[in-house]
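What follows is one structure encoded as structure tokens, with my remarks underneath.
Okay, structure coming up:
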């Protein structure tokens, strides 16, 4: 008889031998019903088990009637207790553990101890197709835990071998001092995030107070002339917008609408008189305003907006009208609650003649906030995100404004109603006026990347601390140590670096050319990067949210808010699809003019020139190289990116010209190849990012820092080549072995970058008070 203290004292030897299989049968769905039935069939056929044991075990192995939770956990406790009495229990198979547990019953001469019985147990284990040793180890061993709180310490600068402060300086660029100033402001307790979601009215008032604080510190005025408290520095304004976006996207958008769009339209489209009259009040938020361009019925088609501003020479006034209900201004920030004046884009009408879309300053509320006569405003209500912004709809019914309220930098109307402009072409004048959007697009792209960097910082820091699974005899592993997790996050960190360098370079060049008439190259690049960056942001935020599991869904951890707020960035300041089609059209036409319409006058001749270019045969030696030195060569990366853009451009031109030569209308031809054109525009954007990324890395003097950035640039390039490997294979730029080698090199780079991953996101420079996500702060 067994010792009454034995852990299997209440079991027969037959049940004890099968008990490990009972655990496996019901362990978290490990076995299917058919596999459980397999155990029961073999039990019922075992001649070394008693009939009573067979009946008991068959009842516990019925897939239609699983054991109770209390019975199941009683089996686990019994096995764990028995294992303490069995030498090297963790190293045994299920069959071996069952036989040893039967021995503990004290019946040494029973038939189940024969070699035949042990073989029968081993056959049951083999029939199940499981790794029995691992299952036993999982059950009987207590996993060691990490020291302290069970979370690994974040790598120190010495351990990482990366100087975070130096990298932050490189990443911040020429406007890093201003970024630091904004970071310091955002650390102030006045900018503390609410613990719980606010209703839209309360949230709007909080965002207004935050915006006032920024205005009081002169941040909103940096792009304005000195007499308005500024420095004439558009690049600084974009840097401020980018940094504010780390904190709260509603605040960033409010800041952008007031000081960038409303104030920027006065600064860029108005005369010196307008600037001196209005900008000091705009800069301090004494005059809250709106930028009223988009209409319900016309969306991105600004040229065909229907709001009219008809000149009345007898009164020396313009009369602003919304012709039909569908022509109202839609989604206008600052309109629903706070705005008192709007820059309204309307068709300028003189007598019977229209002169196209122009910008007018139209008061919409009085000093006490009352809506003015002739103006109707409705609240756009709750939105998917950005509920701190008071978006609204505006209608105008014979609203009269002084003639001087025409923003007349590029076109003037005399008291007699005579129209004059230094730009004779109405089309060129239109696109010159719309150049005010360029700075906004760069800012929105930068803000989107900031939201992505915030999300990636949260996810990487959490991934470096959160442990899950791992070897059975060691502590659980930080999830960022898994290749699958690295693939989710680290290529996106690399892309965030590349986009940051590209957008900072674009902002610098925009500032340098802001006073020139020809900004067409900047306009096209701004459109491409705005669309590419905001799509990247949406993707990176979603991946970061998923990478944090349930914690990423928690309101306090901010990822849900970033996801909801950044979503609209793909739509405003230009719908991404429309922008990418404009980019492709600019590339096709051979000149950088983003804002034209879809007529193809002047395009056909350029197409004829383009399609005569022969696509060169790729080098057969290059496409087969698989050495690490070759795969990490920046020149190889640049060459393939350039080849993809060039070939897509030429093949798109051929498709268009073939259709047009065949008699198809040019508009219809353009529509039929839009899928091709969108791919071309994306290839152009990716080439721009890589080009700017490599140039920025090449300018870094510190060798150790440059080595880290080299790896990031290589990761961005190779991950993109891997993503587009189908195209490169089809066009014979790479062969299959090279495609496989690229994937392997991506994995190798991820392993090299993993030890510095936390330092890389820390270099984004997002203060803890601004990040305000508990899972990222430890």
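Numbering (our numbering), first residue to last: -13 to 764.
For glycine and all other residues, C-beta sits at the position ideal for the given N, C-alpha and C.
Check                                                                                                                                                                         : Outcome
Given a cut-off of 8 Å, decide if residue 574 and residue 768 are closer than it, judged by their beta-carbon atoms.                                                          : The structure shown has nothing for residue 768, since the chain only spans -13 to 764.
Given residue 471, which residues of its chain have a CB within under 7 Å of its CB, disregarding the five upstream and five downstream residues?                             : 449, 465 and 533
Please state whether DSSP places residue 755 in a helix, a strand or coil.                                                                                                    : helix
Could you tell me how far apart the beta carbons of residue 194 and residue 171 are, in whole angstroms, since I believe they sit closer than 8 Å?                            : Actually they do not touch by this definition, with Cβ atoms about 16 Å apart.
Can you grab the Cα-Cα spacing for the pair residue 307 / residue 385, in whole Å?                                                                                            : 7 Å
For residue 301, count neighbouring C-beta atoms within 10 Å of its own C-beta (all shown protein chains included) and say buried if the count is 16 or more, exposed if not. : exposed
Using three-state DSSP, classify residue 392 as helix, strand or coil.                                                                                                        : strand
For the putative contact between residue 482 and residue 442, defined by C-beta atoms under 8 Å, what is the C-beta separation to the nearest angstrom?                       : 6 Å
At which residue ranges does the segment 17 to 83 contain complete alpha helix (DSSP H) runs of 4 or more residues, listed in the order of the chain?                         : 19 to 31, 37 to 46 and 55 to 69
Classify residue 688: buried if its beta carbon has 16 or more other beta carbons within 10 angstroms, exposed otherwise.                                                     : exposed
Here's a check: name, in chain order, each residue in its chain whose Cβ is nearer than 6 Å to the Cβ of residue 551, leaving out the five neighbours to either side.         : 235, 371 and 372
For residue 631, I'd like the list of residues in its chain whose CB is within less than 6 Å of its CB, leaving aside the five on either flank, ordered along the chain.      : 669, 670 and 673
Pick from 1, 11 and 61: whose alpha carbon is nearest that of residue 42?                                                                                                     : 1
Nearest to residue 123 by CA position, among 91, 110, 82 and 155, is which residue?                                                                                           : 82
Measuring CB to CB, does residue 213 end up less than 8 Å from residue 167?                                                                                                   : no
Pick from 440, 161 and 50: whose alpha carbon is nearest that of residue 759?                                                                                                 : 440
I need the DSSP call for residue 683, collapsed to helix, strand or coil.                                                                                                     : helix
Alpha helix (DSSP H) containing residue 472: first to last residue?                                                                                                           : 469 to 499
From what residue to what residue does the beta strand (DSSP E) around residue 379 run?                                                                                       : 378 to 382
Taking only the alpha-carbon atoms, compute the straight-line gap between residue 468 and residue 744 and give it to the nearest angstrom.                                    : 15 Å
At the level of alpha carbons, what is the spacing between residue 705 and residue 475?                                                                                       : 12 Å
For residue 95, which residues from the same chain have a beta carbon less than 7 Å from its beta carbon, with the 5 sequence-adjacent residues on both sides left out?       : Because the pLDDT at residue 95 is just 48, under 50, the model does not fix this residue reliably, and the value given afterwards should be weighed accordingly. Closer than 7 Å at Cβ, skipping near neighbours: no residue.
Where does residue 111 land, buried or exposed, given buried means 16+ other C-beta within 10 angstroms?                                                                      : buried
Secondary structure at residue 763, three-state DSSP: helix, strand or coil?                                                                                                  : helix
Using CA atoms only, rank isn't needed, just tell me which of 23, 183, 274 and 40 is closest to residue 766.                                                                  : Only positions -13 to 764 of the chain appear in the structure, and residue 766 is not among them; the question remains open.
Would you call the CB atoms of residue 345 and residue 393 closer than 8 Å?                                                                                                   : yes
Work out the CA separation of residue 367 and residue 246 for me, nearest whole Å.                                                                                            : 23 Å
Using 8 Å for Cβ pairs, my map puts residue 435 next to residue 509. What's the rounded Cβ distance?                                                                          : Rounded, the Cβ-Cβ distance is 19 Å, inconsistent with contact.
Across the segment 639 to 649 and the segment 721 to 735, are there enough close Cβ pairs to call them in contact, namely three or more that are closer than 8 Å?             : no
Find the nearest neighbour of residue 181 within the set 746, 633 and 544, judged by alpha-carbon distance.                                                                   : 544
Which residue wins for smallest C-alpha separation from residue 311, given the options 657, 251, 283 and 747?                                                                 : 283
I want to know whether the segment 552 to 568 touches the segment 513 to 522 - three or more CB-CB distances under 8 Å.                                                       : yes
With distance defined between alpha-carbon atoms, name the residue in 453, 334 and 404 nearest to residue 416.                                                                : 334
Would you mind working out which of 34, 216 and 742 sits nearest residue 480, comparing C-alpha positions?                                                                    : 742
Assuming residue 280 contacts residue 315 under a Cβ cut-off of 8 Å, what Cβ separation, rounded to an integer in Å, is found between them?                                   : 7 Å
Please state whether DSSP places residue 622 in a helix, a strand or coil.                                                                                                    : helix
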